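Below is one structure, written out as structure tokens; the observations come after it.
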Amino acid sequence: MKENFDTKKYVVVFFITLGIFAVIFLFSNYLYQQRLSQISTIESNINLSILESEIQYALLADASCDSDEGGNSLLINELNNLTRRLAYMEDQRGADNVEVLSLKKHYSLLQAKDYLLLRERTKQCKDKPLSILYFYSNKGDCEDCKKMGYVLTSMREDFDKLHVYAFDFNLGLSVIETLKSIYRLNQELPILVIDRKPYYGFKTREEIEALIPDLLTVHATSTSATTTTKK
Amino acid sequence: MPQFAQENCFTQGLFQTIIQMSWHLPQLMDTFFDIPVLVLLFLTLYFEVFILLTYFEDRKEFARTDPKKRMPGQCPSVTVIVPAWNEGKTIVGTVESLLSLNYPKDKLKIFIVDDGSTDDTLAFAKQFEGHPQVKIYANEKNSGKYVAMNLGIKMATTDLVGCLDADSFVDADALMHIIPYFDDVAVMAVTPSVQIYTPVSLLQKIQSVEYMIGAFTRKIFSRINGLYVTPGPFSIYRTSIFQTIGGFVHGYGTEDMEMALRMQANRLRIENAHDALVYTVSPATPRALYNQRVRWVSGFLKNAFFQYRHMFFSRSHGNLGMLTMPFAFFSIFIALFFSAMYVKNLANLAYEQVIKYSALGFNLNFSWPTFDWFSLNIGFQRLVVYMLFFATVFLIIMGTRMILQRYVLTRNMLYFILLYGLIAPFWLVRSLYNLVSAKEARWR
């Protein structure tokens with residue numbers, strides 16, 4: 002057995018603990034810097050993607066409407082990645098986190114650009130865009146936003162052609178403010194804008210499907226095509 | 005009447021809640037200047053560093069070895085008292101395990117003391133009547149374990165006296181592992197390593213992991229002379245100490261804890277023989293476990309505050325006064341804090357599922373949650389908790405390794421990690437209530 006009370010050991014343990022705290026603090030700071038540079042890269046990529054989408058739009062102006070390109074825009078992969086990251090980041094760090102807010106602003110811009118691209122493409126081909134603009138808030142003033150989010154996520158997973166663009170109503174981004182004034186939106190969240198018409202309050206999946214009849218046709222065609230191929 | 009993990013049930017509660025918190029840290033901990041949380045994390049880390057450093061200093065002492073052979077003349081005489089109250093189902097096994105000890109028969113006496121049992125305990129005990137090593141005593145009415153122990157001590161004429169609760173069973177080599185510690189004349193008591201006897205129910209499986217960690221931390225505490233309980237299952241004492249400091253007292257229902265604290269107060273050394281294995285029947289139902297733990301934790305708090313408060317932060321009482329006793333007390337609050345956060349996060353998770361269900365209905369499509377390094381919280385406090393998590397997992401693994409003699413990951417560890425933090429707060433809160441509402445306070 003060791004000495005009953007060893008002052009030196011208490012002091013050594015204190016400094017080891019302090020040292021561990023210091024190392025963790027420095028490591029946390031290092032990781033934070035890395036994270037900032039990652040975010041900066043993502044934001045640069047978003048800017049690049051927006052530029053690419055401009056070019057894509059110009060190119061698609063000459064493309065045949067039979068081409069599938071218009072339905073799967075260049076930005077969709079980038080958007081899907083960001084959606085996942087943002088949802089997780091909001092959950093883990095809170096909606097007020099500076100990194101979350103910065104990324105969310107870029108994400109909103111990217112979505113707005115994708116929405117415009119999709120709309121122009123469908124106008125050109127005289128189609129109806131299979132898109133939903135979804136306005137939410139996570140400041141505690143929207144009880145049904147979580148529920149609405151689950152419904153829309155599930156629909157996005159089931160309908161490849163459906164584009165859901167989620168905007169934080171209170172983000173304070175000029176693009177969102179413009180969308181709010183174009184569609185004359187009141188703060189009665191959640192809000193869905195389908196075919197330029199706003200719908201207030203929670204909507205079930207069935208109600209949304211009823212508002213976009215083309216959705217079921219596309220889905221049925223897709224299912225039928227898959228079944229035929231398998232045969 | 006097993007009383008083993010009193011001194012560890014606080015720290016185990018703490019360790020497992022740390023694990024849970026590393027998965028579900030609340031957002032309030034993301035504020036760096038949240039001083040109380042920082043202090044709490046610092047204290048917890050300090051304690052873990054202290055015990056890990058002690059382990060690495062004395063690593064060789066934690067190995068399990070075969071008992072050294074001794075000539076009969078080198079074996080001190082021992083009396084093992086078996087206090088029993090309504091233990092008819094287990095007493096025969098308890099006594100038979102004692103009779104099977106690898107120890108010279110003429111040096112080992114067994115005193116069965118029936119403490120006014122109302123079942124067939126005495127009838128079963130009488131099976132051993134006439135056995136040259138066994139004597140049977142019976143109290144007419146139930147007076148408490150400490151009375152039964154004192155009766156046995158009074159009748160004992162051996163060098164050493166021990167106790168074995170009548171629902172516990174000893175490994176054949178247990179006594180031979182304990183005896184060498186008494187070669188050091190300064191050692192006055194030796195505690196064994198208590199494990200759960202054939203854990204069957206989920207609660208028992210959780211306790212089996214708790215007891216293994218307990219065995220490891222008990223060994224560490226013994227290395228720094230910080231033990232404050234000599235558990236009922238097979239703690240062995242020098243008979244002479246009872247003349248010096250007196251026999252057992254009620255000790256708020258934890259006579260073994262009171263005895264250890266009294267020994268420490270009188271600077272009588274307690275050692276731990278980690279390879280002396282004893283198996284005890286553990287509570288199988290939540291109610292029985294709750295009652296047992298309330299008794300243990302309340303017993304510790306009342307003994308510590310009403311009888312031995314002067315030992316807290318007393319340098320003259322060494323590591324016991326400066327580290328293990330204060331931390332046992334503070335860890336109750338640390339464990340409650342972390343458990344509250346764990347429950348809060350589980351409630352949030354359940355709320356999310358309810359919302360999801362109300363939005364989509366019952367959905368059979370199960371998908372594993374995705375993990376993205378980018379989204380990992382790298383806040384300072386979160387990283388400290390990850391650190392504590394790894395230190396705690398290390399303790400769990402080392403505890404099981406010390407007992408099972410191999411590195412192993414078991415399902416019981418998972419049960420312990422996930423569930424212990426949900427049940428421990430019940431007895432911790434009740435015990436604190438018992439402390440503040442106690443009318444029998446006798447402050448020194």
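Line by line, the protein sequences are chains A and X.
Each position in the first sequence, counted from 1, maps to that position plus 1 in my numbering.
Each position in the second sequence, counted from 1, maps to that position plus 4 in my numbering.
Virtual Cβ for every residue (Gly too), placed ideally from N, Cα, C.
Computed from a predicted structure; not experimentally measured.
Could you tell me whether the Cβ atoms of residue i and residue j are closer together than 8 Å?
i               : j               : result
V101 of chain A : E91 of chain A  : yes
S302 of chain X : Y232 of chain X : no
L364 of chain X : V152 of chain A : yes
D163 of chain X : P80 of chain X  : yes
I85 of chain X  : G134 of chain X : no
L399 of chain X : I217 of chain X : yes
P237 of chain X : T284 of chain X : yes
Could you tell me whether the Cβ of residue i comes closer than 8 Å to any Cβ of chain X?
i               : result
S38 of chain A  : no
V14 of chain A  : yes
A226 of chain A : The predicted position of A226 of chain A is uncertain, since its pLDDT is 41 and thus under 50; no value can be drawn from it.
Y151 of chain A : yes
S29 of chain A  : yes
T229 of chain A : Unreliable placement is indicated for T229 of chain A, whose pLDDT of 38 sits below 50; no coordinate value is reported for it.
F26 of chain A  : yes
T18 of chain A  : yes
L32 of chain A  : yes
N5 of chain A   : yes
E168 of chain A : Residue identity differs from the one stated: residue 168 of chain A is Phe in this sequence, not Glu. No, no contact with chain X.
K204 of chain A : no
S155 of chain A : yes
Compare the C-beta of residue i with all C-beta atoms of chain A and state if any pair is closer than 8 Å.
i               : result
F449 of chain X : Chain X is shown from 5 up to 448; residue 449 of chain X falls before or after that span and cannot be answered.
F39 of chain X  : It should be pointed out that residue 39 of chain X corresponds to Ile in this sequence rather than to Phe. False, the Cβ-Cβ gap to chain A never drops below 8 Å.
F420 of chain X : no
S335 of chain X : no
L32 of chain X  : Bear in mind that a pLDDT of 43 at L32 of chain X, under 50, signals an unreliable position, so the number given afterwards is only what the model happens to contain. So, not an interface residue.
F384 of chain X : yes
K149 of chain X : no
Y232 of chain X : no
I359 of chain X : yes
N438 of chain X : no
M345 of chain X : no
On the three-state DSSP scale, how would you describe residue i?
i               : result
A292 of chain X : helix
Q199 of chain X : strand
R297 of chain X : helix
L42 of chain X  : helix
L413 of chain X : coil
T284 of chain X : strand
R242 of chain X : strand
S182 of chain A : helix
T125 of chain X : helix
M391 of chain X : helix
I401 of chain X : helix
E55 of chain A  : helix
K9 of chain A   : helix
P184 of chain X : helix
S302 of chain X : helix
I114 of chain X : strand
Using the Cβ count rule (16 or more neighbours within 10 Å means buried), how would you classify residue i?
i               : result
Q247 of chain X : exposed
N416 of chain X : buried
I183 of chain A : exposed
S175 of chain A : exposed
K64 of chain X  : exposed
N30 of chain A  : exposed
P214 of chain A : exposed
T228 of chain A : Caution applies to T228 of chain A, whose pLDDT of 39 falls short of 50 and renders its modelled position unreliable; the value that the coordinates give is listed next. Under this definition T228 of chain A is an exposed residue.
Q39 of chain A  : exposed
L103 of chain X : exposed
R410 of chain X : exposed
K129 of chain A : exposed
S1 of chain A   : Lying outside 2 to 232, the shown extent of chain A, residue 1 of chain A is not represented and no answer is given.
F394 of chain X : exposed
D97 of chain A  : exposed
I want to verify the contact list: residues of chain C whose CB lies under 8 Å from the CB of residue i, in sequence order.
i               : result
I157 of chain X : Among the protein chains of the structure shown, namely A and X, there is no chain C.
(message) Would you call the stretch 204 to 213 of chain X in contact with the stretch 222 to 234 of chain X, where contact means no fewer than 3 C-beta pairs closer than 8 Å?
(response) Cβ pair count under 8 Å is below three, so no.
(message) Assess contact between the stretch 88 to 105 of chain X and the stretch 166 to 173 of chain X, defined as three or more Cβ pairs (one per stretch) separated by less than 8 Å. Is contact present?
(response) With a cut-off of 8 Å on Cβ pairs, the stretch 88 to 105 of chain X is in contact with the stretch 166 to 173 of chain X, counting three or more such pairs.
(message) If contact is defined by three or more beta carbon pairs under 8 Å, each pair taking one atom from either stretch, is the stretch 13 to 32 of chain A in contact with the stretch 52 to 62 of chain X?
(response) The stretch 52 to 62 of chain X is in contact with the stretch 13 to 32 of chain A.
(request) Say whether the stretch 122 to 138 of chain X touches the stretch 195 to 203 of chain X, bearing in mind that this needs 3 or more beta-carbon pairs closer than 8 Å, one atom from each stretch. (result) no
(message) For the structure I just gave you, are there three or more beta carbon pairs, one from the stretch 177 to 191 of chain X and one from the stretch 297 to 312 of chain X, closer than 8 Å?
(response) no
(message) Count Cβ pairs between the stretch 82 to 96 of chain X and the stretch 145 to 153 of chain X that sit closer than 8 Å; are there 3 or more?
(response) yes
(message) Check whether the stretch 51 to 61 of chain A and the stretch 107 to 125 of chain A touch, using three or more Cβ-Cβ pairs below 8 Å as the test.
(response) yes
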